[in-house]
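Per this note's numbering, the sequence shown runs over residues 7 to 175.
Glycine is no exception: its CB is placed at the ideal position from the N, C-alpha and C atoms.
If you're wondering where the values come from, they're calculated on a predicted model, not measured in any experiment.
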Amino acid sequence: MTQSASIRPARAGGGFPTAAAIILGVGLGIFFDGIVLHQLLQWHHLVSNWSPAGTVEGMEFNTYWDGMLHSFAYVCVGVGLFLLWRASRRGYMWSGRRLAGALLIGWGGFNLYDGVINHLVLGIHHVNERVDRAQWPIYDAGFIIWGAAMLLAGFLLLRGGKAEAGSEA
């Protein structure tokens, strides 16, 4: 049997592990937030509004909770990759649009959760705590809008990918 004979187009309504790609997208979103906003730009830490990082003790506390967040990201990425790998062994060809869409849904969903729950409801941190406090809501709103845009783009790509997969079947 040739390789092309063993690979089948994705079935309409099935074959693509959407949940696995969404989980992977959540992990990638957490890594981006943690690496870019926490470490490179140093705008905030996970609990920096509850426990400022201005002292050694405060930095240790914040670094610990950033590490817990990254540990969760590793779990999401590991589970997402494992589930994608397991599904790939079924021999179905996937739509790139569906993969990109599901990744964006996961990443955008994380951003919306982080922005609404952690920034607005709990107030454990804000996107950019290095600017004047009066500007914090502007950065938080931008982060939430970015998450919503990613989520919307993800749903549109996923829907377009389903139509694409349906035409191949």
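Which same chain residues end up closer than 6 Å to residue i when comparing Cβ atoms and leaving out the 5 residues on each side of it in sequence?
| i | result |
| --- | --- |
| residue 134 | 49, 145 |
| residue 43 | 49 |
| residue 24 | 108 |
| residue 27 | 105, 108, 109 |
| residue 57 | 64, 67 |
| residue 166 | 103 |
Locate the alpha helix (DSSP H) running through residue i, then write down its first and last residues.
| i | result |
| --- | --- |
| residue 101 | Where residue 101 is concerned, there is no enclosing alpha helix (DSSP H), given that its DSSP letter is neither H nor E. |
| residue 22 | First-last for residue 22: undefined, no H or E at that position. |
Please return the same chain residues whose Cβ sits closer than 7 Å to the Cβ of residue i, not counting the five positions on each side in sequence.
| i | result |
| --- | --- |
| residue 124 | 130, 131 |
| residue 87 | 30 |
| residue 55 | 129, 130, 131, 132, 135 |
| residue 65 | 59 |
| residue 153 | 114, 117, 118, 121 |
| residue 47 | none |
Spatial neighbours of residue i within its chain, please: CB distance less than 8 Å, with the 5 preceding and 5 following residues excluded, ordered by chain position.
| i | result |
| --- | --- |
| residue 155 | 114 |
| residue 38 | 113 |
| residue 96 | 21 |
| residue 161 | 107, 111 |
Answer with buried or exposed for residue i, where buried requires no fewer than 16 other C-beta atoms within 10 angstroms of its C-beta.
| i | result |
| --- | --- |
| residue 138 | exposed |
| residue 101 | buried |
| residue 77 | exposed |
| residue 142 | buried |
| residue 148 | exposed |
Candidates the options: which alpha carbon is nearest residue i's?
| i | options | result |
| --- | --- | --- |
| residue 72 | 150, 104, 36 | 36 |
| residue 150 | 122, 85, 160 | 122 |
| residue 34 | 52, 63, 116 | 116 |
| residue 80 | 32, 157, 161, 164 | 32 |
| residue 111 | 70, 163, 75 | 163 |
| residue 41 | 75, 62, 61 | 75 |
Let me check you understand the geometry: is the CB of residue i closer than 8 Å to at least one non-hydrogen atom of the ligand FMN?
| i | result |
| --- | --- |
| residue 79 | As for the ligand FMN, it is missing from this structure, which has no ligand bound. |
| said: Runs of 3 residues minimum, wholly inside the region 89-160: which ones carry the beta strand (DSSP E) assignment? | reply: none
| What are the uninterrupted segments assigned as beta strand (DSSP E) that are 3 or more residues long and contained completely in the region 26-75, given in chain order? | none
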